[in-house]
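These protein sequence lines are chains A and B, in that order. Heads up, the first sequence is in our numbering, so the first residue is 65 and it goes up one at a time. Heads up, the second sequence is in our numbering, so the first residue is 16 and it goes up one at a time. We put the CB at the ideal spot given by N, CA and C, even for glycine. Okay, so here's the structure we're looking at.
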Amino acid sequence: MAEGRTLLDIKNLRVSFETPKGIVEAVRGVSFTLGQERLGIVGESGSGKSQTGRAILRLTAAQGHVTADHMVFDGIDLIAADERALRRIRGNRISMIMQDPRYSLNPIMSVGQQIAEAYQVHSSASRREARERALEMLRTVRIREPEKVYKLYPHEVSGGMGQRVMIAMMLIPDPEIIIADEPTSALDMTVQLQILALLDDMVRDRGMGLIFISHDLRLVASFCDRVLVMYGGQIVETLDAKRLHDAQHPYTCGLLNCLPGIDRSDDVLPVLQRDPGWLTEREPAQ
Amino acid sequence: MIDVKNLEVRFGQGTEAVHAVRGISFDVAKGESFGLVGESGSGKSTVIRTIAGLNSGWSGEIVIDGVKQGNRRDRAFHKHLQMIFQDPYGSLHPRHTVNDILKEPLIIHRFDDPDRRILNALSEVGLDPSYRFRFPHQLSGGQRQRIAIARALILQPKVLLLDEPTSALDVSVQAEILNLLVRLRRDYDLTYVMVSHDLAVVAHLCERVAVMNRGLFVEEITRQQLRSQTPKQGYTRQLLDASKGYDRALVDTFEEFN
């Protein structure tokens, strides 16, 4: 069960896309709640994990169709909310960190200005105040010379620093929920762990809820409190991250077994045998 | 099979010059599998791209199968040494069918009987003959990487250079491709040099591993030393620790290594 106050309650979320070849169901009846915790969503490409994250902020592409019995955030049903209500939530109360900072930052604006802008949009702060806050935020995400970095353009910063800038930008309005979609997958392992430590500290200190979307089951299990495993648009298993080895579903077990390990000496890795039965839509849990 | 001495690689000129590889030496015996690990910018990919003849601004000595290599490589070189790239989406021509992709090296190297060789190559990498006339966009990432491997194997090379061959793939597909690479090496006595940032992948496929940082070898380490977690250098220790997953206390111990 979710810890602390329930921040988000989703019931029977569905996302489908109309394509020339017919309707593709990307998310098929996903239900979960999020508390003040780190919740991981794990799956392979095409499992529907990113579409689940996007649907929460109603950022699904235009040809997509999103339905849900409810998707409640602080008494507001995001499924029924109009664009104006959504604009007041997006970025301000629920924000999203994307995978690649190089494509998510504005290339012709200094990174500091972009963080300051994120603050000004969601508050009535003056430009000077916003600048002060942005510098403070750069310090929070452990950037060593914030004054210098403030003036840099996105192409002048490394991948790890770019991701810190993105995190600073997403955190500056002090959101209640952060959705991070593979925020560190493009980075070196040590940098990846440093960024996770940063998110970890934020979630603890500010009591935020974090939805961490990733393909890396081992990393997610070591970082999150709970893990949802997705396959074919459905949640096939929900795990307490510390009890990863009690995984029951053959897909979760298969994912764990097929990873090469430094300490395993078998020449041939067990290959995941996909059972078509895993795709059968399950009755929604009560 | 491969003998590299004092390899240095520079890009650009004057003050803009980047010294990507700063004097490294290693050798790989026939049938051996050698790994290069390091973080981005360590120069690991530059090393194998230079061996493959894809970079020109290098100095030092590269000897492949007893033949000293210069800046230009001849046809025989490419017949014996092939490379597999990281991105299966970028390394296949989007408007060539699988058949075209596999036939091109056969034409260049004047092999006979292309039909038989193409069908053999497909079955060797575990693909059904029905894939022969498909385009890359009709294949999954794992299938594309199988085609890239088939294209390299069709020339019956002695050496395969592998640049992060599985890092763009889902983990379940990664396991299939790693199994394929293990089997092919055994069946054809191939020599591998593999670059990866993933210590577990390198430990799975390679008997010996060089750890790189900022263009230099930090240390050379055996698979046994990796398994027993007994590296000599602090940098390798940090990489090993980081590969175990998230641990808040551990992150605070990370250092910069120059």
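Subject >> Length of the line joining the Cα atoms of residue 157 of chain A and residue 293 of chain A >> reply: 26 Å
Subject >> Contact belief for residue 103 of chain B with residue 159 of chain B at Cβ below 8 Å, rounded distance in angstroms >> reply: 4 Å
Original post:
How many angstroms separate the CA atom of residue 268 of chain B from the CA atom of residue 219 of chain B?
Top reply: 27 Å
Original post:
Name the DSSP bridge partner or partners of residue 370 of chain A?
Top reply: In this structure chain A extends from 65 to 350, so residue 370 of chain A is not present and cannot be described.
**OP:** Indicate the three-state DSSP secondary structure (helix, strand or coil) for residue 83 of chain A in the structure shown.
**Re:** strand
**OP:** Could you check which residue in A/102, A/172, A/322 has the C-alpha nearest to that of residue 220 of chain A?
**Re:** A/172
Original post:
By the criterion of Cβ-Cβ separation under 9 Å, what are the contact partners of residue 108 of chain A in chain B?
Top reply: 185, 186, 187, 188
Subject >> Simplified DSSP state of residue 325 of chain A, which is helix, strand or coil >> reply: coil
Subject >> Any beta strand (DSSP E) of 3 or more consecutive residues that is wholly inside the segment 206-240 of chain A >> reply: none
**OP:** Sort B/226, B/265, B/257 by Cα distance to residue 247 of chain B and report the nearest one.
**Re:** B/226
Subject >> Proximal residues of chain A, C-beta to C-beta of residue 111 of chain B below 7 Å >> reply: Within 7 Å Cβ-Cβ: nothing; residue 111 of chain B doesn't reach chain A, min ~24 Å.
Original post:
By a C-beta neighbour count over all protein chains shown, 10 Å radius and 16 as the cutoff for buried, is residue 180 of chain B buried or exposed?
Top reply: buried
Subject >> residue 181 of chain A to residue 164 of chain A span [Cα, whole Å] >> reply: 20 Å
**OP:** For my contact list, residue 166 of chain B and residue 120 of chain B are in at a C-beta cut-off of 8 Å; report their separation, rounded to the angstrom.
**Re:** 6 Å
**OP:** Would you be able to state if there are at least three C-beta pairs under 8 Å between the segment 242-260 of chain A and the segment 83-97 of chain A?
**Re:** no
Original post:
If you drop the 5 nearest sequence neighbours on each side, which residues of the same chain put their C-beta closer than 6 Å to that of residue 307 of chain A?
Top reply: none
Subject >> Other residues of its chain near residue 266 of chain A: CB distance less than 7 Å, five sequence neighbours each side excluded >> reply: 235, 272
Original post:
Under a CB-based cut-off of 8 Å, is residue 174 of chain B close to chain A?
Top reply: no
Original post:
Nearest-angstrom Cα distance between residue 53 of chain B and residue 212 of chain B?
Top reply: 6 Å
Original post:
On the three-state DSSP scale, how would you describe residue 176 of chain B?
Top reply: strand
Subject >> C-beta contact flag for residue 134 of chain A and residue 155 of chain A at 8 Å >> reply: no
Original post:
Can you tell me the Cα-Cα spacing of residue 30 of chain B and residue 191 of chain A, whole angstroms?
Top reply: 38 Å
Original post:
Between residue 159 of chain A and residue 239 of chain A, is the Cβ-Cβ spacing less than 8 Å?
Top reply: yes
**OP:** Taking the CB atoms as reference points, tell me whether residue 210 of chain B and residue 51 of chain B lie closer together than 8 Å.
**Re:** yes
**OP:** Compute the beta-carbon to beta-carbon distance between residue 62 of chain B and residue 43 of chain B, rounded to the nearest angstrom, for a pair I have assumed lies under 8 Å.
**Re:** Contact flag wrong, Cβ pair sits at about 12 Å.
Subject >> Closer than 7 Å at the beta carbon, the chain B residues around residue 287 of chain A >> reply: 261
**OP:** Return no unless some Cβ of chain B is closer than 8 Å to the Cβ of residue 331 of chain A.
**Re:** yes
**OP:** Starting from the beta carbon of residue 169 of chain A, find every residue of chain B whose beta carbon is closer than 7 Å, and list them in chain order.
**Re:** Going along chain B, no residue has its Cβ under 7 Å from residue 169 of chain A, so there is no contact; the nearest lies around 19 Å.
Subject >> Cross-strand partners of residue 234 of chain B (DSSP beta bridge) >> reply: B/226
**OP:** Just the chain A side, please: which residues come within less than 9 Å of residue 194 of chain B by C-beta, in chain order?
**Re:** 331, 332, 333, 335
Original post:
Which residues in chain A sit within 9 Å of residue 153 of chain B, going by Cβ to Cβ distance?
Top reply: Chain A residues near residue 153 of chain B: none, gap ~13 Å exceeds 9 Å.
Original post:
When the Cα atoms are used, what is the spatial distance from residue 198 of chain A to residue 222 of chain A?
Top reply: 19 Å
Original post:
Are residue 286 of chain A and residue 249 of chain A touching if we call contact CB-CB under 8 Å?
Top reply: no
**OP:** Assuming residue 258 of chain B and residue 253 of chain A form a contact by the criterion Cβ under 8 Å, report the distance between their Cβ atoms to the nearest whole angstrom.
**Re:** 6 Å
Original post:
Which residues mark the beginning and the end of the beta strand (DSSP E) in which residue 302 of chain A is found?
Top reply: 298-304
Original post:
Cβ of residue 279 of chain A less than 8 Å from any chain B Cβ?
Top reply: yes
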